[in-house]
Amino acid sequence: MTRRKLTRDEIDLWRKVVRQADHLHPERVDGVHPQTLPKPKPTKPLPMSLEPFELGQAARVKSARHVLTPSVTDRLSRAPVQMDPKAYTRMRRGKLKPEGKLDLHGMRVDTAHPALTRFILTAQAQGKRLVLVVTGKGKYRDEPGPIPTPRGVLRHQVPQWLSLPPLAQAVLQVTPAHISHGGEGAYYVYLRRNRG
1 MTRRKLTRDE IDLWRKVVRQ ADHLHPERVD GVHPQTLPKP KPTKPLPMSL EPFELGQAAR
61 VKSARHVLTP SVTDRLSRAP VQMDPKAYTR MRRGKLKPEG KLDLHGMRVD TAHPALTRFI
121 LTAQAQGKRL VLVVTGKGKY RDEPGPIPTP RGVLRHQVPQ WLSLPPLAQA VLQVTPAHIS
181 HGGEGAYYVY LRRNRG
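Going by UniProt numbering, the sequence shown opens with residue 1, and the numbers climb by one from there.
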């Protein structure tokens, strides 16, 4: 882009402004600076050859900040089928009727865990195979804290409790219940045969 030249009118206007303006330093003679600036030192020329590089080659690899784990429902749905496949399919479709039901909905964690343990071990001792554990879907917290908590504490805890001793030896399969039996707010727990 080239600079345009000032017109005659613009030059006249500028001269008029200069005549009317008050000088900041009247003792100075126009065009003379109080001190002369030193001449810039000559710089050494850069070497013409540069080593090849890739953008970001020296950057440290950052680990992912948030690891999004699959939901409990997805994890249980992908778990390998341990029981009879035909019975599993019928159970997932809500065609098998649970022989017992435990409603943990509304309980606190400290009371729910012992209740679940008693229920599962008693059901297995009685020879029951399919039981229903209702946890509720959980509610969204009004004020989330600094540590994110999953929606539905019991909904997330129950599968973990069922996979740990003493319940692990009694449980063959855990899967989310069919909508007719509570959907995401309940689990089918298929028990192993009682060997007692």
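Glycine included, each C-beta is placed from N, C-alpha and C at the ideal position. Note that the structure is a prediction, hence the values are computed from the model and not measured.
| Query | Result |
| --- | --- |
| Beta-carbon proximity list for S77, same chain, < 6 Å, skipping 5 on both sides | none |
| Completely contained alpha helix (DSSP H) runs for the segment 56-102, where each covers 4 or more residues | 72-78, 85-92 |
| Local conformation of L154 per DSSP, three classes | helix |
| C-beta atoms of A177 and Y187 nearer than 7 Å | yes |
| Test item: CB-CB of L130 and P98 under 7 Å | yes |
| Alpha-carbon to alpha-carbon, G136 and H113 | 15 Å |
| M48 burial status per 10 Å Cβ neighbour count (16 or more: buried) | exposed |
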